[in-house]
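Q: Here the sequence shown stands for residues 1 to 527, where the numbers follow full-length UniProt numbering.
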Amino acid sequence: MILFDQSEITKSAEREMGGMMAFLILTAILVSFITFIGYILVTRRERFRLREKIRLTGPEPHWFLGNLKEIVERKEKLGYDDSNEWFNVLHKKFGETFGIYFGTQMNIVLSNEEDIKEVFIKNFSNFSDRIVPPIFVENKLNASLLQNTYATGWKHTRSAIAPIFATGKMKAMHETINSKIETFLEILKEKSESGEKWDIYEDFQGLTLDVIGKCAFAIDSNCQRDRNDVFYVNARKFISNIDIRHSKIIAASFILPELSWLWRFMYKYTGLAAAEIPLVDGLSDVYERRRRGEGSDSVDLLKLLLDREDDKTKGMTKQEVIENCFAFLLAGYETTSTAMTYCSYLLSKYPEVQQKLNEEIEETKRTKQGGLNYDSIHQMKYLDDVYKETLRYYPPVIHFINRSCLSDITIRGQFFPKGSVVTCLPHTVHRNESNWENPDEFNPDRFLDTNEDRSSTTQLKWIPFGVGPRYCVGMRFAEMEFKTTIAKLIEKFELSVIKGEPDLIPDCNGVIMRPKDPVRLNLKLRK
């Protein structure tokens with residue numbers, strides 16, 4: 001007689017084994033989760049103690065969010081990001097050197113001229129690498145001069161790009177800029193005669209995109225006349241998605257850097273990744289057409305890089321060329337359009353400054369051969385004062401001057417541990433009373449005393465383009481575009497504020513400080 005069915009015994013054993021395996025798997029998952037949470041808590045506690053260990057002060061960090069919690073709370077309360085003003089408050093409370101936590105990453109913030117010189121210039125070899133959040137390692141700016149983190153890659157890229165900004169090539173591109181500005185002025189004339197209110201910021205954005213398109217890639221976009229131009233739509237989409245307020249994945253990557261591998265994988269699902277695809281594809285198409293000889297007579301960034309493609313020491317791969325053109329597009333269009341918008345607003349608000357600038361413009365037209373050309377515009381001292389004071393008062397880029405400390409070092413009595421991030425914020429440096437008299441006043445005349453040596457006197461107090469060897473390579477191009485546009489704008493129009501329009505409020509998206517609301521101005525044709 002068979003007492004037990006062997007198949008039933010086997011099935012029972014398999015069920016028990018399956019149950020045991022499920023139990024072990026769940027236990028392993030639970031233990032791993034608890035271990036991970038424990039690791040996060042322990043490492044965060046240690047990281048949040050680092051500031052005290054190196055004898056720095058700063059705002060008390062939240063145990064999980066660091067000081068991002070206060071930034072988020074201020075955004076929710078105000079409806080916009082005023083971190084530019086918040087950092088000024090911290091500077092007044094904690095002094096010229098303090099520590100702040102973005103998630104768990106401690107940033108040592110500097111605003112003293114001597115400290116900035118020691119870190120960003122004299123000890124550059126120990127602070128040569130730029131910090132980029134892990135999630136952005138997967139984007140199409142990774143090998144570009146804008147984002148490239150490492151000193152070796154940066155030097156190679158800069159040596160390839162810098163020649164496009166030589167004086168001869170700048171003069172050639174100035175003619176292109178003039179033609180785009182003429183379209184810009186025609187549009188403003190049409191709008192001013194219509195009697196309607198409009199946002200001049202959008203017009204500046206269309207202008208700078210058309211300029212970048214022609215000067216960087218020799219393409220004739222129509223961003224000024226057509227807001228549905230694919231170049232305009234895709235660039236605007238990308239810039240808006242940089243704002244961490246628009247992406248939970250990007251925001252989470254700042255809060256939980258321990259999951260950097262996950263964020264790099266998840267990047268492809270962000271709006272930023274979706275926005276960059278058509279831009280990069282478009283640039284790739286332009287690259288191939290230019291390699292076949294189309295537009296070979298133009299003077300532009302892409303031609304320069306293609307001409308050096310076979311140079312083993314200074315040449316760049318196709319990917320490097322496209323990524324640097326992409327970076328040039330993004331860095332050159334949003335920052336310059338924002339700066340010119342700020343300048344137009346300030347000239348409207350301070351008519352005495354506008355009048356003085358207009359007098360210099362008319363004097364230049366009377367006394368300089370060729371009128372408002374490349375050479376005469378760069379000789380206009382008061383225009384230079386207005387340019388510098390605008391960027392001092394409202395620096396468009398506020399969170400990009402950072403470096404990683406490569407090894408432990410003590411500078412001027414302050415210890416900088418390996419792996420820490422050192423930051424200087426243009427808005428805070430520019431509003432530091434140790435650097436500027438009455439820093440909260442808009443006063444271009446403050447630069448008059450530096451006319452004999454207009455570069456060295458304010459070198460480390462005026463830093464809208466960065467500081468040290470890694471300052472913005474396109475600074476001269478931005479200056480040329482800004483000065484030419486503003487000079488021709490004031491030559492043709494008298495600007496004034498519109499009664500009842502709100503005061504301009506800057507809104508920070510993590511990189512760019514742009515106007516929160518539309519900037520509407522009165523434009524009256526000069527006789």
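No residue lacks a Cβ here, since even glycine has one placed at the ideal position from N, Cα and C.
No experiment lies behind these values; they were computed from the predicted model shown.
Can you give me the C-alpha to C-alpha distance between Pro518 and Tyr201, rounded to a whole angstrom?
A: Here the question's residue 518 lines up with position 518 in the sequence shown. Here the question's residue 201 lines up with position 201 in the sequence shown. Their backbone Cα atoms lie some 7 Å apart in a straight line.
Q: Could you name the residues of the same chain whose beta carbon sits closer than 6 Å to that of Asn67, not counting the 5 residues immediately before and after it, in chain order?
A: In the sequence shown, counting from the first residue as 1, residue 67 sits at position 67. Pro59, Pro61, Ile100, Tyr101.
Q: Quick check: the Cα distance between Thr457 and Arg446, rounded to an integer number of angstroms?
A: Residue numbering aside, residue 457 sits at position 457 when the sequence shown is read from its first letter. Residue numbering aside, residue 446 sits at position 446 when the sequence shown is read from its first letter. With a pLDDT of 47 at Thr457, under the threshold of 50, the predicted position of this residue should be treated as unreliable, though the coordinate-derived value follows. Cα to Cα, Thr457 sits roughly 12 Å from Arg446.
Q: Name the two residues that bound the continuous beta strand (DSSP E) containing Phe165.
A: Taking the sequence shown and counting its residues from 1, one reaches residue 165 at position 165. Taken as a continuous stretch (DSSP letters only), Phe165 belongs to no beta strand (DSSP E), as it is neither H nor E.
Q: Can you give me the Cβ contacts of Asp349 inside the same chain, cut-off strictly under 7 Å, excluding the 5 residues immediately before and after it?
A: What you label residue 349 is simply residue 349 of the sequence shown in a count that begins at 1. This sequence places Lys at residue 349; Asp is not what is there. So the qualifying residues of the chain are Val497.
Q: Exposed or buried, what is Asn358 when buried is set at 16 or more other beta-carbons lying within 10 Å of its beta-carbon?
A: The residue given as residue 358 occupies position 358 in the sequence shown. By the 10 Å Cβ count, Asn358 comes out buried.
Q: Measure from the alpha carbon of Phe98 to the alpha carbon of each residue in Ile108, Thr104, Val89, Lys92, then state which is nearest.
A: Taking the sequence shown and counting its residues from 1, the one referred to as residue 98 is at position 98. It is Ile108 whose Cα lies nearest to the Cα of Phe98.
Q: Short of 7 Å in beta carbon distance, which residues of its chain neighbour Ile322, apart from the five on each side in sequence? Order them along the chain.
A: The residue you call residue 322 lines up with position 322 of the sequence shown. Cβ within range, chain order: Val280, Leu283, Ser284, Tyr287.
Q: Does DSSP put Met1 in a helix, in a strand, or in coil?
A: Residue numbering aside, residue 1 sits at position 1 when the sequence shown is read from its first letter. Only weak support exists for where Met1 lies, its pLDDT of 46 falling under 50; the value from the coordinates is given anyway. Looking at Met1 - three-state DSSP - the assignment turns out to be coil, as it is neither helix nor strand.
Q: Could you tell me which residues DSSP puts in a beta bridge with Glu494?
A: To locate residue 494, count along the sequence shown from 1; it is residue 494. Paired residue(s): Lys524.
Q: In terms of alpha-carbon separation, which member of Gln105, Gly370, Asp384 lies closest to Arg476?
A: Within the sequence shown, the letter at position 476 stands for residue 476. Nearest of Gln105, Gly370, Asp384 to Arg476, Cα basis: Asp384.
Q: So, helix, strand or coil for His399, using DSSP?
A: For the purposes of this step, residue 399 is taken as residue 399 along the sequence shown, with counting starting at 1. Reduced to three states, the DSSP call for His399 is coil.
Q: Are at least three pairs of beta-carbons, each pair with one atom in the region 399 to 408 and one in the region 119 to 132, less than 8 Å apart?
A: Yes, the region 399 to 408 is in contact with the region 119 to 132.
Q: When the distance is taken between beta carbons, is Leu329 closer than 8 Å to Pro163?
A: Indexing the sequence shown from 1 puts residue 163 at position 163. Indexing the sequence shown from 1 puts residue 329 at position 329. Contact flag unset, no.
Q: Please give me, in chain order, every unbroken run of the beta strand (DSSP E) with length at least 3 that falls completely inside the region 461 to 486.
A: Here no run is fully enclosed.
Q: Shortest alpha-carbon distance to Pro515 belongs to which of Leu495, Arg412, Glu334?
A: As a working note, residue 515 is residue 515 in the sequence shown. Considering only alpha carbons, the answer is Glu334.
Q: Alpha helix (DSSP H) containing Phe64: first to last residue?
A: Walking along the sequence shown from the start, residue 64 turns up at place 64. First-last for Phe64: undefined, no H or E at that position.
Q: Consult DSSP for Val42 and reduce its assignment to one of helix, strand or coil.
A: In the sequence shown, the residue the question calls residue 42 occupies position 42. Val42 falls in the helix class under three-state DSSP.
Q: Compute the Euclidean distance between the alpha carbons of Phe87 and Gln205, then round it to the nearest angstrom.
A: Along the sequence shown, read from residue 1 onward, the residue named residue 87 stands at position 87. Along the sequence shown, read from residue 1 onward, the residue named residue 205 stands at position 205. In a straight line, the C-alpha of Phe87 is about 28 Å away from that of Gln205.
Q: According to DSSP, simplified to helix, strand and coil, what is Pro502?
A: Counting from 1 along the sequence shown, the entry for residue 502 is found at position 502. Three-state result, Pro502: coil.
Q: Where does Gly99 fall in DSSP's three states?
A: Here residue 99 refers to the residue found at position 99 of the sequence shown. Strand.
Q: Which of helix, strand or coil does DSSP assign to Cys215?
A: Here residue 215 is taken as the residue at index 215 of the sequence shown, counted from 1. Looking at Cys215 - three-state DSSP - the assignment turns out to be helix.
Q: Between which two residues does the beta strand (DSSP E) containing Arg514 stretch?
A: Taking the sequence shown and counting its residues from 1, one reaches residue 514 at position 514. From DSSP, the beta strand (DSSP E) with Arg514 extends over 513 to 515.
Q: Does the region 493 to 507 come within contact of the region 466 to 476, defined as at least 3 CB pairs closer than 8 Å?
A: They do not touch, by the three-pair rule.
Q: Quick one: what does DSSP say Phe127 is sitting in, helix, strand or coil?
A: The residue labelled residue 127 in the question sits at position 127 within the sequence shown. Three-state DSSP puts Phe127 in coil, outside helix and strand.
Q: Who are the near neighbours of Asp453 in its chain, counting only those whose CB is closer than 7 Å to its CB and skipping five residues on each side?
A: Taking the sequence shown and counting its residues from 1, the one referred to as residue 453 is at position 453. Low confidence applies here, because Asp453 scores a pLDDT of 46, under 50, leaving its location unreliable; read the following figure in that light. Cβ within range, chain order: n/a, list empty.
Q: With DSSP run on the structure shown, which of helix, strand or coil describes Phe87?
A: One-based indexing of the sequence shown puts residue 87 at position 87. Correct three-state label for Phe87: helix.
Q: Is it true that the CB of Glu320 sits closer than 8 Å to the CB of Thr157?
A: To locate residue 157, count along the sequence shown from 1; it is residue 157. To locate residue 320, count along the sequence shown from 1; it is residue 320. It is a contact, given that the beta carbons lie within the stated cut-off.
Q: Put Asp285 into one of helix, strand or coil per three-state DSSP.
A: Mapped onto the sequence shown, residue 285 falls at position 285. Of the three classes helix, strand and coil, the one that applies to Asp285 here is helix, per DSSP.
Q: Would residue 532 and Ile398 qualify as a contact pair, given that the criterion is a beta-carbon distance under 8 Å?
A: Given that the chain is displayed from residue 1 to residue 527, the structure contains no residue 532 and the question cannot be resolved.
Q: Taking the alpha-carbon positions, what's the Ile131 to Ser194 distance?
A: On the sequence shown, position 131 is the one that residue 131 refers to. On the sequence shown, position 194 is the one that residue 194 refers to. Roughly 48 Å between the two C-alpha positions.
Q: Would you mind listing the alpha helix (DSSP H) stretches within the region 403 to 451 that are 4+ residues and don't spill past its ends, in chain order?
A: Correct list: 426 to 430.
Q: Using C-beta distances below 8 Å, list every residue in its chain close to Gln379, excluding the 5 sequence neighbours before and after it, in chain order.
A: Counting from 1 along the sequence shown, the entry for residue 379 is found at position 379. If we look at Gln379 and ignore the five residues flanking it on each side, its Cβ neighbours are Thr364, Lys368.
Q: Quick check on Ile177: does DSSP put it in helix, strand or coil?
A: One-based indexing of the sequence shown puts residue 177 at position 177. Of the three classes helix, strand and coil, the one that applies to Ile177 here is helix, per DSSP.
Q: Please state whether DSSP places Asn380 in a helix, a strand or coil.
A: Locating residue 380 in the sequence shown gives position 380, where the first residue counts as 1. Here residue 380 is Met; the residue named in the question, Asn, does not match the sequence. Looking at Met380 - three-state DSSP - the assignment turns out to be coil, as it is neither helix nor strand.
Q: Let's see if you can read the secondary structure: which residues bound the alpha helix (DSSP H) around Gln354?
A: For the purposes of this step, residue 354 is taken as residue 354 along the sequence shown, with counting starting at 1. Run containing Gln354: 351 to 367, per the alpha helix (DSSP H) assignment.
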